[in-house]
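Enquirer: Would you mind keeping the following structure in view while I ask a few things?
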């Protein structure tokens with residue numbers, strides 16, 4: 001059984017939403033265990049988000065911006081956008097690769113989202129990585145706000 005510790009640090013970005021998101025991820029992992037397909041975990045997460053009255057969008061297209069010019073370079077389609085504040089990408093593979101981690105960070109750097117979760121339900125120990133890249137560190141933000 002997976003255990004969850006409440007986030008209590010007041011300086012954490014979106015502490016309550018992060019706490020609820022963590023709890024839902026653990027609930028799904030505890031209910032369904034490892035070995036299912038990614039699509040099953042997606043549906044289970046949807047069910048839990050709805051039950052907990054957390055708004056989400058599945059596979060919402062988000063813009064990826066040029067870090068220098070602020071022009072849209074393309075789109076990224078994550079598994080979930082939670083409350084229009086958190087990107088959630090899930091995996092159902094036997095291990096999490098550095099490419100998965102680097103991709104998550106790159107999408108945070110080049111989008112307007114500041115928090116990203118990478119979750120792998122099929123590893124021996126539930127894998128959750130919460131990454132943050134705040135908008136004050138993104139030079140293109142001022143360019144897109146002024147246009």
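Numbering (my numbering), first residue to last: 1 to 147. No residue lacks a Cβ here, since even glycine has one placed at the ideal position from N, Cα and C. Keep in mind that this is a model prediction, so the values were computed, not measured.
1) Does the Cβ of residue 126 have 16 or more other Cβ atoms within 10 Å, making it buried, or fewer, making it exposed?
2) Relative to the C-alpha of residue 94, which residue among 20, 74, 34 is closest?
3) Please state the DSSP three-state secondary structure of residue 4.
4) Which same chain residues, not among the five before or five after residue 113, have their C-beta less than 6 Å away from its C-beta?
5) Rounded to a whole number of angstroms, what is the C-alpha to C-alpha distance between residue 136 and residue 119?
6) Is it true that the CB of residue 64 sits closer than 8 Å to the CB of residue 75?
7) For the putative contact between residue 132 and residue 115, defined by C-beta atoms under 8 Å, what is the C-beta separation to the nearest angstrom?
8) Counting only the same chain and skipping the five closest in sequence on each side, list residues whose C-beta sits under 8 Å from that of residue 68.
9) Could you tell me which uninterrupted alpha helix (DSSP H) segments, each at least 4 residues in length, are contained entirely in the stretch 84 to 143, listed from first to last along the chain?
10) Once the 5 residues before and after residue 66 are set aside, which same chain residues still bring their CB inside 7 Å of it?
11) Suppose you measure from the CA of residue 100 to the CA of residue 83; what does that come to, to the nearest Å?
12) State the Cα-Cα distance for the pair residue 4 and residue 26, rounded to the nearest angstrom.
13) Rounding to the nearest angstrom, what Cα-Cα distance links residue 13 and residue 37 in this structure?
14) Let me check understanding here. Comparing Cα to Cα, which of 70, 123, 71, 21 lies closest to residue 48?
15) With a threshold of 16 other CB atoms inside 10 Å of the CB of residue 32, please say whether the residue is buried or exposed.
Expert: In terms of the structure at hand:
1) The residue labelled residue 126 in the question sits at position 126 within the chain shown. Per the 10 Å Cβ criterion, buried.
2) Indexing the chain shown from 1 puts residue 94 at position 94. Nearest of 20, 74, 34 to residue 94, Cα basis: 34.
3) In the chain shown, the residue the question calls residue 4 occupies position 4. Because residue 4 carries a pLDDT of 48, less than 50, the predicted location of this residue cannot be relied on, and the following value inherits that uncertainty. It is coil, neither helix nor strand.
4) Indexing the chain shown from 1 puts residue 113 at position 113. 87.
5) The sequence position of residue 136 within the chain shown is 136, counting from 1. The sequence position of residue 119 within the chain shown is 119, counting from 1. One C-alpha to the other measures close to 26 Å.
6) Counted from its first residue, the chain shown places residue 75 at position 75. Counted from its first residue, the chain shown places residue 64 at position 64. Yes, the Cβ-Cβ distance between residue 75 and residue 64 is below 8 Å.
7) As a position in the chain shown, residue 132 is number 132, starting the count at 1. As a position in the chain shown, residue 115 is number 115, starting the count at 1. Confirmed, Cβ separation roughly 6 Å.
8) As a position in the chain shown, residue 68 is number 68, starting the count at 1. Once the five neighbours on either side are set aside, the close Cβ partners of residue 68 are 139, 140.
9) 98 to 109
10) The sequence position of residue 66 within the chain shown is 66, counting from 1. Excluding sequence neighbours, residue 66 sits near 73, 140.
11) Taking the chain shown and counting its residues from 1, the one referred to as residue 100 is at position 100. Taking the chain shown and counting its residues from 1, the one referred to as residue 83 is at position 83. Answer to the nearest angstrom: the Cα atoms are 23 Å apart.
12) Residue numbering aside, residue 4 sits at position 4 when the chain shown is read from its first letter. Residue numbering aside, residue 26 sits at position 26 when the chain shown is read from its first letter. Unreliable placement is indicated for residue 4, whose pLDDT of 48 sits below 50; no coordinate value is reported for it.
13) Against the chain shown, residue 13 aligns to sequence position 13. Against the chain shown, residue 37 aligns to sequence position 37. Whole-angstrom Cα-Cα distance: 31 Å.
14) In the chain shown, counting from the first residue as 1, residue 48 sits at position 48. Nearest C-alpha to residue 48: 21.
15) Locating residue 32 in the chain shown gives position 32, counting from the first residue. Looking at its Cβ environment, which holds fewer than 16 other Cβ atoms inside 10 Å, residue 32 is exposed.
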